[in-house]
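K.L.:
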């Protein structure tokens, strides 16, 4: 039986040509007053208990609202940029 490598261990990722020049830095976008947004739907591993941890973070920091979309945007942008996309 063939075992599948987890994405972080042994998977060979194609290297991109670099961050496109027409993509602004994330901080520049997130600091704008009005931001055009698009939906990004994904499932995450339940074992990471991300929903529970996010709620705990918000409670511990006395936050009424956590900008989930902004957090996801920063994480994905950094991940893609690191890989040259």
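Numbering (the working numbering), first residue to last: 17 to 101.
In this text, a Cβ means the ideal position worked out from N, Cα and C, and glycines have one as well.
In this text the structure is predicted, and so the values were computed from the model without any measurement.
(1) Leaving out the 5 sequence neighbours to the left and right, which residues in its chain are closer than 8 Å to residue 89 when beta-carbon positions are compared?
(2) Go through the region 27–59 residue by residue and report every complete run of the alpha helix (DSSP H) that reaches 4 residues or more, in order.
(3) Confirm, please, whether the CB-CB distance from residue 32 to residue 99 is below 8 Å.
(4) Which residues mark the beginning and the end of the alpha helix (DSSP H) in which residue 72 is found?
P.N.:
From the atom records:
(1) 42, 45 and 46
(2) 42–46
(3) yes
(4) 66–76
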